[in-house]
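As structure tokens, the structure follows; a few thoughts come after it.
Protein chains in written order, with this note's numbering: chain C, 284 to 397; chain W, 10 to 123.
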């Protein structure tokens with residue numbers, strides 16, 4: 284089934300460790316996004332990519348980095364995890380290229396930093 | 010600065026009655042609006058959308074209304090069913106202005122009472 288896949292599903296991580304959350308889509312969508320969901324704060328955009336080779340900062344980018352080497356993959360890296368990065372992370376993709384379409388979400392990665 | 014706001018964190022509605030969820034935005038560049046539904050431990054799923062050139066879009070039990078002058082949109086669900094119990098997020102983007110970013114509100118938890 285075509286869609287968007289995130290890995291891992293959940294992870295407990297020691298503070299100070301490096302972690303990469305993986306996201307892959309097979310819909311050939313141009314735009315991809317990383318959000319974090321926290322109670323009372325909704326879905327906040329961390330980083331986004333309008334097309335392969337380009338990335339942009341969302342509203343909460345500090346402590347995170349992304350890359351977009353190709354259309355399908357959009358990994359999110361925490362260089363040195365801190366407890367405040369405990370959250371549920373969602374990757375999403377959208378057709379993009381100026382078209383008004385919906386975004387499709389992955390199932391999420393629950394990350395706990397201890 | 011919260012550009013998309015959902016001021017009601019929660020809403021309870023009797024089964025069979027109408028559920029009305031509200032969303033306000035501040036960025037006049039937004040030209041496309043979406044509603045997403047989220048169940049626990051799942052990614053958000055697309056529900057319905059509306060372009061800024063329209064003021065109403067209907068899909069079965071779901072209708073979205075857009076009031077551009079008030080920068081307000083609402084989602085009507087009628088009749089409400091127990092399976093509608095979920096968290097609802099509104100989202101907005103300014104694709105027509107070359108920006109693929111998708112900005113979400115903080116969500117409203119809808120509970121349908123049998």
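Backbone N, C-alpha and C define an ideal beta-carbon position, used for all residues, glycine too.
Predicted, not measured: the structure shown is a model, and the values here were computed from it.
Count the other C-beta atoms from every protein chain shown that fall within 10 angstroms of the C-beta of residue i, then say buried if there are 16 or more, exposed otherwise.
i	result
residue 75 of chain W	buried
residue 313 of chain C	buried
residue 382 of chain C	exposed
residue 51 of chain W	exposed
residue 353 of chain C	exposed
residue 295 of chain C	exposed
residue 370 of chain C	buried
With a cut-off of 9 Å, does the C-beta of residue i fall near any C-beta of chain D?
i	result
residue 104 of chain W	Protein chains in the displayed structure are C and W, and chain D is not among them.
With distance defined between alpha-carbon atoms, name the residue in the options nearest to residue i.
i	options	result
residue 302 of chain C	C/383, C/310, C/318, C/349	C/349
residue 123 of chain W	W/18, W/25, W/43	W/25
residue 80 of chain W	W/57, W/110, W/18, W/38	W/38
residue 386 of chain C	W/45, W/12, W/23, W/60	W/45
residue 58 of chain W	W/48, W/73, W/50	W/73
residue 118 of chain W	W/95, W/109, W/100	W/95
residue 288 of chain C	C/338, C/367, C/363, C/317	C/317
residue 324 of chain C	W/69, W/98, W/20, W/40	W/98
residue 357 of chain C	C/339, C/297, C/384	C/339
residue 315 of chain C	W/15, W/23, W/108	W/108
residue 53 of chain W	C/333, C/332, C/320	C/320
residue 298 of chain C	C/290, C/368, C/337	C/368
Determine the contact status of residue i and residue j, defining contact as a CB-CB distance below 9 Å.
i	j	result
residue 365 of chain C	residue 343 of chain C	no
residue 330 of chain C	residue 346 of chain C	no
residue 355 of chain C	residue 300 of chain C	no
residue 360 of chain C	residue 304 of chain C	yes
residue 61 of chain W	residue 42 of chain W	yes
residue 389 of chain C	residue 286 of chain C	yes
residue 328 of chain C	residue 47 of chain W	no
residue 12 of chain W	residue 115 of chain W	no
residue 362 of chain C	residue 351 of chain C	no
residue 121 of chain W	residue 21 of chain W	yes
residue 326 of chain C	residue 101 of chain W	no
residue 394 of chain C	residue 332 of chain C	no
residue 8 of chain W	residue 77 of chain W	Because chain W in this structure spans residues 10 to 123, residue 8 of chain W falls outside the shown range and cannot be described.
Using a Cβ-Cβ distance cut-off of 9 Å, determine whether residue i contacts chain W.
i	result
residue 357 of chain C	no
residue 308 of chain C	no
residue 294 of chain C	no
residue 316 of chain C	yes
residue 347 of chain C	no
residue 361 of chain C	no
residue 434 of chain C	The displayed coordinates of chain C run from 284 to 397. Any statement about residue 434 of chain C would go beyond what the structure contains.
residue 390 of chain C	yes
residue 290 of chain C	no
residue 311 of chain C	no
residue 305 of chain C	no
Answer yes or no: does any C-beta atom of chain C fall closer than 9 Å to that of residue i?
i	result
residue 112 of chain W	yes
residue 93 of chain W	no
residue 34 of chain W	no
residue 52 of chain W	yes
residue 101 of chain W	no
residue 40 of chain W	yes
residue 17 of chain W	no
residue 82 of chain W	no
residue 116 of chain W	yes
So does the stretch 88-101 of chain W actually touch the stretch 364-380 of chain C, counting three or more Cβ pairs closer than 8 Å?
Touching, no.
Contact between the stretch 24-33 of chain W and the stretch 76-85 of chain W (3+ Cβ pairs under 8 Å)
yes
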